[in-house]
Structures are given as structure tokens and as C-alpha cells.
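In this text, residue positions in the sequence shown follow my numbering: the first is 4, and each later residue adds one. Here the structure is laid out as C-alpha cells; the discussion comes afterwards.
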Amino acid sequence: MPAFNISKEALAGTAALGAVALAGFLAGRRYSRLYFGTFKGSSYEKNSQLQQYILDYSLREHPILKKLRLITSQCRHGFMMVSCDEAQLLANLAKLIRAKKAIEVGVFTGYNTLSMALVLPEDGRIVACDVSEEYANIGKPLWKEAGVDHKIDLRIKPAIQTLDELLANGEAETFDFAFIDADKESYNDYYEKCLRLVRKGGIIAIDNVLWSGKVLKPASHDIAQMMHQLNEKILHDPRVVVSMIMMWDGLTLAFKL
4 MPAFNISKEA
14 LAGTAALGAV
24 ALAGFLAGRR
34 YSRLYFGTFK
44 GSSYEKNSQL
54 QQYILDYSLR
64 EHPILKKLRL
74 ITSQCRHGFM
84 MVSCDEAQLL
94 ANLAKLIRAK
104 KAIEVGVFTG
114 YNTLSMALVL
124 PEDGRIVACD
134 VSEEYANIGK
144 PLWKEAGVDH
154 KIDLRIKPAI
164 QTLDELLANG
174 EAETFDFAFI
184 DADKESYNDY
194 YEKCLRLVRK
204 GGIIAIDNVL
214 WSGKVLKPAS
224 HDIAQMMHQL
234 NEKILHDPRV
244 VVSMIMMWDG
254 LTLAFKL
């Protein structure tokens, strides 16, 4: 008998994680930091030829996703966009577990929102949480152009409020996937709310868990300390099994038991 009672979908996602993550582990220098949402000068640039090879032979970017990425790269805060290889990994995992309902905490221009909406079924839904519509308005026309705008439920208000509303509406354990990439001070609260909303066998993905390597000396930086504490908490959390991936600024995947 297996040690954990995990759904077939979660097992499939976990088994495929290594192969998918390897394909997206690094990205090439030819695409600037703005295109990938990661600062130049990081350790991931040291072997640029290999990075470029992995990207060239793994990325399958929808043309409208590429269009939104290039538009986002021109934005003043374009570096905040999730890397396209990471977005592809998340979309692949969502597809593997046959996700129908997803939550995104932190939208920006909606690159990952669009990536996720493209793999959800026609009657799927992604609740996209952000406090500002300014950048989301950049992505909205492209969501429509891709024919997936009807799947995206954009909520412009504090994400905690939206998550509480979903819980109050009886939607606990009805979501398949959650992605957290917003203000780091609230990560622990987002994690706890999403853990209640995601079903058993579902996935919670958490971005920026390495915080530019500052988690190695967390006492020297407030946000790094918060991230380190959350990383330690998730490591010992009996409600999930976990994989932390050294992809860009660090990505944790928590599979709910």
C-alpha cells in the first residue's frame, strides 16, 4: 500500500515533473531579462549556450503568448513577468492533472494567466487576483484575441479578500491549481488560503522562493527571512509533498495530499 493517498493525476504530475522541469530548467541569453522576468547577472547566465539550446528545444510558445511577452518587455516593470519557460512548466502540469479551475495570485500583464487559460478546458476558469488593473489591461485584448477571455475571472481587489470570498462561497477544495506570485509579505497567508481552496491531488506553485539567493543569509533581509520561513514550513508541512526547483528565482511545487 502506498505511503500517501494521492490521486492518479497528482502522481502523473509528480512523475512527469522531472522531465518537464529539465526542459525548462534554464533559458537563453538571446531573450532579455525583460522577456523572462529574471535579472541579468544571475548564476543562470553562466552557460548561455546550453541555456539557449534547452530553450530552443523545449519552448513551444503560442504566438499570442509571444506577442504579449514582447509587449510586456517594453513595460517599465517588464522584469516582473513570469519567465516563459516557467509559465510553460506550470501549464504542462495543469494539463497533466486535467485542471479545470485555477487561481492566480498576482497577474501583472497576464502572461501566465493566458498561458494557463490556453490549457484549461472550454468550460474552465481561472480566478486572477491583482490590486491594479493598469497592467492587466495590457493583457486583456490578447486574452480576447486568443479566444480565452471567457475563462478568465479577473478580480481587482486584495487577493486575501478574493480568496476569502471564494471560501465563503463554498468553493473550498474545488480548485485544481494555484499559482502565487505577488507581494511576498503575504505569501504565508496566500499559501494557507490556497491550501484550503485546492483539492486533494491539486498543485500550489509558489514563485521567487530563493529571493535572488538571499535565503542563504535570511537574517540580512526581511523578505528573504519571510521566504526562508515559508520554505521551512512547507518542507515540514504534512498536508503536502513538495519539490523546490532551481528555476530562475526558485519555484516550489506543493502537491496537496
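Ideal Cβ placement from N, Cα and C applies to all residues, glycine included. Remember, it's a predicted structure, so these values are computed and weren't measured experimentally.
Taking 7 Å as the cut-off, does the CB of residue i come closer than this to any heavy atom belonging to the ligand HEM?
i    : result
L198 : Inclusion of the ligand HEM in the displayed structure is not the case, the ligand content being empty and no account of it being possible.
Assuming residue i and residue j form a contact by the criterion Cβ under 8 Å, report the distance between their Cβ atoms to the nearest whole angstrom.
i    : j    : result
L254 : E89  : 6 Å
S86  : W251 : 5 Å
Y114 : M84  : 5 Å
G204 : F178 : About 11 Å separates the two Cβ atoms, so there is no contact after all.
C132 : E107 : 7 Å
L166 : L200 : 7 Å
A105 : L123 : 7 Å
T116 : I129 : 6 Å
R202 : E176 : 5 Å
L234 : V212 : First, the residue type needs correcting, since residue 234 is Asn and not Leu in the sequence shown. Between V212 and N234 the Cβ distance is about 6 Å, and since that is below 8 Å, they are a contact.
So, with DSSP's three-state summary, where would you put residue i?
i    : result
A97  : helix
A120 : helix
M230 : helix
R202 : strand
A149 : coil
K220 : coil
D252 : coil
T177 : coil
G127 : coil
M84  : coil
C78  : coil
G142 : helix
Y194 : helix
E137 : coil
If we ignore side chains and look at the alpha-carbon of each, how far apart do residue i and residue j end up?
i    : j    : result
S118 : V244 : 25 Å
T112 : L238 : 31 Å
Y38  : I207 : Note on Y38: pLDDT 40, under 50, position unreliable in the model; no value is reported.
Q55  : L62  : 10 Å
E144 : A120 : For the sequence presented, residue 144 should be read as Pro rather than Glu. Rounded to the nearest angstrom, the two C-alpha atoms are 14 Å apart.
K154 : I67  : 16 Å
K98  : I74  : 26 Å
D184 : G81  : 14 Å
Y148 : A222 : It should be pointed out that residue 148 corresponds to Glu in this sequence rather than to Tyr. Going from the Cα of E148 to the Cα of A222 covers about 46 Å.
I159 : V134 : 5 Å
K103 : G127 : 5 Å
A257 : S246 : 7 Å
D156 : E174 : 15 Å
E125 : M230 : 36 Å
E136 : Y194 : 23 Å
H224 : I141 : 33 Å
Q2   : N172 : In this structure the chain extends from 4 to 260, so residue 2 is not present and cannot be described.
K236 : R72  : 34 Å
In the DSSP assignment, what residue or residues form a beta bridge with residue i?
i    : result
L132 : Note that residue 132 is Cys in the sequence shown, not Leu. Looking at the DSSP assignment, C132 forms a beta bridge with V108, R158.
K259 : V243
A208 : F182, L256
Which same chain residues end up closer than 6 Å to residue i when comparing Cβ atoms and leaving out the 5 residues on each side of it in sequence?
i    : result
L278 : No answer is possible for residue 278: the residues shown for the chain start at 4 and end at 260.
D152 : W146
K196 : L166
V110 : T116, A131, D133, A139
D240 : none
Q228 : P221
I209 : I183, T255
A181 : I106, C197, V201, I207
Apart from the five residues just before and just after residue i, which ones in its own chain have a Cβ nearer than 8 Å to its Cβ?
i    : result
R242 : L198, K259, L260
S189 : A162, I163
I226 : K187, E188, W214, K217
L170 : K196, R199, L200
In chain order, what residues of the same chain lie with their CB nearer than 7 Å to the CB of residue i, ignoring the 5 residues before and after it?
i   : result
K70 : L145
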